[in-house]
Amino acid sequence: MSKEDKTIVLLITAEKRQSGTQSLTEYSGIFAAEREALNETEKNVFDMVRERPDCWSLGCVTGYPESLFTEVEREALRNHGIGKRFSM
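If you read the sequence shown in the numbering used here, its first letter stands for residue -2, the second for the next number, and so on.
In structure tokens, the structure reads:
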């Protein structure tokens, strides 16, 4: 197993909601080490990040490899752990 195979990936999903005349975008994140708990779009982004570590987007999902995490993402990882969705 290569080092890339163990990389943690941060997946951020943007979900747009309409409330009357106002539009609201809600963001959620998940730190993933494997693809099992992910939906199809998240799995595709997860695979792209693992194959070529960089920031990748597909539809409403953006993924970041662990190598690009700032201290803010590292703190969120410590607080939320791997495989648990959280609001942003």
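For glycine and all other residues, C-beta sits at the position ideal for the given N, C-alpha and C.
Q. Which residues in the same chain have their Cβ closer than 6 Å to the Cβ of LYS40, if we skip the five residues on either side of it in sequence?
A. ARG32
(Q) Can you look up ARG47 in the DSSP assignment and give me helix, strand or coil? (A) Annotated three-state conformation of ARG47 is helix, per DSSP.
Q) Alpha carbon to alpha carbon, what distance is there between TRP53 and LEU21? A) C-alpha separation (whole angstroms): 23 Å.
Q. Is it a yes or a no for the region 62 to 78 touching the region 10 to 25, going by three-plus beta-carbon pairs under 8 Å?
A. no
Q: Report buried or exposed for VAL69, applying the criterion of at least 16 other Cβ atoms within 10 angstroms of its Cβ.
A: exposed
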